[in-house]
Structures are given as C-alpha cells and as structure tokens.
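Student:
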Amino acid sequence: MFAQISELREKFREKLAGAKSAADVENLRVTFLGKSGSVTGLLKNMGGLSPEDKKTVGQAVNDLKNKVGEELARKLQEFQELELKRELESLPVFDVAAPKDLQRGSYHPITLVQRQCETVFRSMGFTVEDYSEIVTDYECFESLNIPKFHPARDMQDTYYLDNGQLLKTQTSAAQNAIYRKYRDRLLKDGTPIKAIFPGRCFRNESTDACHENTFFQMEGVMVDKNISISNLIFFMKTMLSEVFQRDIKVRLRPGFFPFVEPGFELDINCLICGGAGCPSCKHSGWLELCPCGMIHPNVLREGGIDPEEYTGFAFGLGLTRLAMMKYGVKDIRDLNGGLLQNLDQFTDDRL
Ligand code: FA5
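Residue numbers for the sequence shown follow the numbering used here, so the first one is 1451 and each next one is one higher.
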C-alpha cells in the first residue's frame, strides 16, 4: 500500500500544480479528500491489513491526508489573495481632483445604482413605488410596531415640522401604504405583493465617512402565502450579484428591528479596502448595507393582512452606501457635495 500512497502523493502534486483557480482547488479537495475521494478510499481499504500494518499504513495515509489538506488550503489562499487583488484593481478610482468636463451632464452615482436595482427587481416581478419624503409619525413609526417612547426611536432622530409631520428616517415608512394599496389583489386574486420603494431619508446624526444626514434607501417587500427566509436570501443574493456583476462577500447576522421577526443585518465586505479596515467601513472591514427580516405579524395586521395566512419579508437597502461600494467612493459626503467635477466622472455610465 506504501507504493499506492506515494503514487497518490505524486498524482496530487501534479494536479495541484496544474490548478488554475479556487474552483479547481475545490474540485481537487473533493477528488482526494471527499467522501469518495482517493485518500479517503485508501483509509477504507485498510480492512484486510494486520494490526501492525494497520498502524504503520494508517499513519502514512493520515500523513498524506494532512499534507494534502495543508497544500490545498495554501493554494486556495493564494488564489483568494489573487482574486482580491484583481478585484481591487478593477474598481473604478474615484478621483476628487479629476479635471472637470462640464460639457455633458451625467447621472448621479446614486441614481445609477438605484436604476440598476430597479431593473433587477422589475425583472423579478416587483413594482417600483414612489413615496413622499414628509410623513406622519404613524407611517414612520407607529404602523411599524414602534409605539411612542419605544427605545428604537432613539436610533432615528429626525427633523420635525410644526404640524407634527417629519422627514422620513427610513423607507419602511411606506410599508403600511403599500400593504393597503395591494392587499385587495392579494386577498381576492392571490397576487403576491412584490414592491420596492427607493427614497431619500433624513436623520439628525453626526456625519462621517459612512454616515450622512441625508441619504437614500431602497425598501423591498414581498408578501404571499409561505414566504420564508430562503426567499429573502435568494432575492438579496440576486440583487447584489446583478448590481456588482461578480461574487461579493456578504455576511448575515442577527439584527433587531421592531418591524421584523426574525431580523438580520446584511453586511458587505468593504470594497474600498478589501476587508482590511478603513474609515469607509469604520475600520471593521464590513459595511452595514441591507438590514432585512420576516415582516412582524403586528405590521402585517396593521396593513390589513392576516399574519396567520400570509407571511413576507422586507429589506432596507442602503442605496448611498451601495453607490460608495460600486463606484469606490471613499467618503459618503462626496456624494452629497454637489461638486460637478466629482460627479461628472460617471458620465459614461449612463443608463
Ligand atoms: C433601517 O432603516 C430599517 N428601516 C431597515 C429595514 C427594513 C430593516 C426592512 C428590516 C426590514 P438602518 O437604520 O440600519 O435600518 O438603515 C438601513 C441602511 O441604511 C443601513 O444599513 C445603511 O446602509 C443605510 N443607512 C442608515 N443610516 C445611514 C446614514 N446616516 N448614512 C448613510 N446610510 C445610512
């Protein structure tokens, strides 16, 4: 069996040297170490050996297994580093000092990502809704399971008008109206509610490289019978891969919002620093991008929908942050600065 082991070791080295991508490395892992892999096969074939042989051969096979595992991990890391480097190099460089060419107008980067998202969601059967920037306390908070004096309001201080209305802090403020607009179709014809609603939001907060007092979000909701977290994850993944046109590293972690249960934070690996940490991601390597979750029964009920019969998901995508990541804008404040020499750089990316 020793001959077999060294033959396998040689074969593995040859194949590893020929691997051209992380996917090739993964295939090799399955071929050699998978359930029906060749190294695993050696371990399975030791049944007929004497106890002494089992010990020495077993030791040799285990050594081979460990070596193969280590070399695969090393190779995989090499490819991942290469891919990251390529990704960082391919990002457009946003140059605040670029010479200005004011001959042609251009779309704002936020408009560009908003339209890209709208195109993706329209193609998946979502309607695109418009909603006002000035809303009532009921729309922004009460209808979303955030009664007066709820501590969740502290996170979203905003600007109030004399008549008690306010500048909306979140696009979730339109949820109740959307449920009411489409619930008859849902209840009578069984047409699922599938809507996105982009909009400008306002918060009374200190600004930094990733926080503005005025920014854009895009809310999305889907309500039907048997909607689950899997549906939510599918739509999030599709949207991100369509917008970025490549695989993007994201992480999902628990998050609390009174209008969803369970709730999640979906973070994106910072594309400015590649995850190493920088001011754009508060030095964490991750940027909070798209909180989401399953719509809370109280919120559905408030929208006239029976939560015993229907379920749904909702998400609140940070469009301004998405524009930062997509176009390599390091400081969110540059997007609201209104400097044409900055914004003009996107002229060629017309939709
Ligand atoms: C909300 O606003 C919730 N309405 C989102 C939601 C919707 C949760 C539906 C569940 C279901 P949050 O405050 O975390 O959550 O803001 C959502 C996103 O908006 C953030 O992840 C971030 O991308 C963006 N955002 C929030 N505050 C700012 C800010 N000051 N500047 C720029 N972007 C911001």
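All residues carry an ideal CB built from backbone N, CA and C; glycine is no exception. A quick note: this is a predicted structure, and the numbers were derived from the prediction, not measured.
Check whether the Cβ of leucine 1702 lies closer than 7 Å to any heavy atom of the ligand FA5, and answer yes or no.
Tutor: no
Student: Quick one: is the Cβ of serine 1622 within less than 7 Å of any heavy atom of the ligand FA5?
Tutor: yes
Student: Going by the C-beta, is isoleucine 1782 closer than 7 Å to any heavy atom of the ligand FA5?
Tutor: yes
Student: Report whether the distance from the Cβ of methionine 1668 to the nearest heavy atom of the ligand FA5 is below 7 Å.
Tutor: no
Student: Could you tell me the distance, in whole angstroms, from the CA atom of leucine 1541 to the CA atom of tyrosine 1777?
Tutor: 7 Å
Student: Helix, strand or coil: how does DSSP classify glycine 1519 here?
Tutor: helix
Student: Does the pairing of the region 1569-1577 with the region 1719-1731 give three or more beta-carbon distances under 8 Å?
Tutor: no
Student: Which same chain residues end up closer than 6 Å to isoleucine 1643 when comparing Cβ atoms and leaving out the 5 residues on each side of it in sequence?
Tutor: Tyr1632, Leu1636, Val1673
Student: Just checking threonine 1761 against the ligand FA5 - is the residue's beta carbon closer than 7 Å to any of the ligand's heavy atoms?
Tutor: Incorrect: threonine 1761 has no Cβ contact closer than 7 Å to the ligand FA5.
Student: Considering just the uninterrupted stretch of the beta strand (DSSP E) at glycine 1491, what are its terminal residues?
Tutor: Counting along the chain, glycine 1491 falls outside any beta strand (DSSP E), though it belongs to the alpha helix (DSSP H) covering 1488-1494.
Student: Evaluate lysine 1618 with the Cβ neighbour count: other Cβ atoms within 10 Å of its Cβ, from every protein chain shown; 16 or more gives buried, anything less gives exposed.
Tutor: When all chains shown are included, lysine 1618 counts as buried.
Student: Would you mind working out which of Glu1521, Leu1785, Pro1704, Ile1683 sits nearest asparagine 1663, comparing C-alpha positions?
Tutor: Leu1785
Student: Just to confirm the assignment, what range does the beta strand (DSSP E) spanning isoleucine 1683 have?
Tutor: Careful: isoleucine 1683 lies outside any beta strand (DSSP E), inside the alpha helix (DSSP H) at 1679-1694.
Student: Does the beta-carbon of glutamate 1583 have 16 or more other beta-carbons within 10 angstroms, so that it is buried, or is it exposed?
Tutor: exposed
Student: Taking the runs of the alpha helix (DSSP H) that are 4 residues or longer, which of them lie wholly in the region 1596-1653?
Tutor: 1625-1639
Student: Report all residues from its chain with a CB closer than 6 Å to the CB of tyrosine 1588; omit the five preceding and five following residues, and keep chain order.
Tutor: none
Student: Looking at histidine 1661: is its Cβ nearer than 8 Å to the Cβ of isoleucine 1745?
Tutor: no
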